[in-house]
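Report on the structure given below.
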Amino acid sequence: MTDQKQCTVVRNGSYQGVQGGTFATGISAQSAGAQALCLHQLVMPAGSRGRPHLHEGHESAIFIQSGQVEVWHGLDLTEHIVLHAGDYLHIPADTPHLPVNTGDQDMICLVARTDPQEQEGVRLLDLPAWLATHIGPLTIGNG
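Residue numbers (my numbering): 3 to 145.
Structure below.
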């Protein structure tokens with residue numbers, strides 16, 4: 003006889019990500035016993051930014067549900083893309099990135115990672131001086 007595994011429903015809750023933003027509790031090792039993935043909804047307020055970071059050893063997939071966000075990425079965060087509602091983004095493992103919401107509405111997205119832990123794989127990075135000057139004095143999006 004094999005062990006019967008059970009489905010888990012997660013209906014509410016949120017936390018502030020160390021990388022900035024408010025995450026819905028979603029699916030993770032902590033909330034549902036996930037072993038190889040996590041899935042969360044992220045709200046990034048208008049006029050805010052995250053903290054530069056990467057996810058050690060884990061890739062991410064993002065779907066923009068509403069609003070728009072600029073993502074600075076790559077070595078020294080020199081690459082730049084703008085995402086709009088309906089866009090998907092793949093971030094390879096260990097890739098530095100920084101989300102910035104310079105728009106006038108909150109950006110809401112779904113974030114999936116191959117790391118089942120909510121925050122363990124997040125490694126914060128320094129904001130390059132050149133980029134700090136470029137994006138200006140935006141607040142860190144932690145509600």
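Using N, Cα and C, we set each Cβ at its ideal position, and we do this for glycine too. As the structure is a prediction and not an experimental result, all values here were calculated from the model.
Same chain, Cβ closer than 7 Å to residue i, five either side skipped, listed in chain order
i: V12; result: T27, G28, I29, S33 and A34
Between the CA atoms of residue j and residue i - distance to the nearest angstrom
i: I64; j: L100; result: 13 Å
i: L129; j: H57; result: 16 Å
i: Y17; j: T24; result: 6 Å
i: V102; j: V71; result: 6 Å
i: P47; j: D5; result: 43 Å
i: I93; j: E61; result: 6 Å
i: L126; j: L140; result: 17 Å
Boundaries of the beta strand (DSSP E) in which residue i is found, first to last residue
i: I29; result: Run containing I29: none; DSSP gives neither H nor E here.
i: H92; result: Y90 to I93
Close-in-space but distant-in-sequence residues of the same chain around residue i (CB under 8 Å, 5 per side omitted)
i: A31; result: Q37, C40, P118, Q119 and E120
Counted within 10 angstroms of its Cβ, other Cβ atoms place residue i as buried (16 or more) or exposed
i: C111; result: buried
i: W132; result: exposed
i: I66; result: buried
i: S50; result: buried
Cβ separation of residue i and residue j, assumed to be a contact under 8 Å, to the nearest whole Å
i: L91; j: L85; result: 6 Å
Residue-chain proximity (residue i, chain B), Cβ-Cβ < 8 Å
i: E122; result: In the displayed structure, chain B is absent; only one protein chain is listed.
Residue i - containing alpha helix (DSSP H), residue span
i: H60; result: No alpha helix (DSSP H) contains H60, which DSSP labels as neither H nor E.
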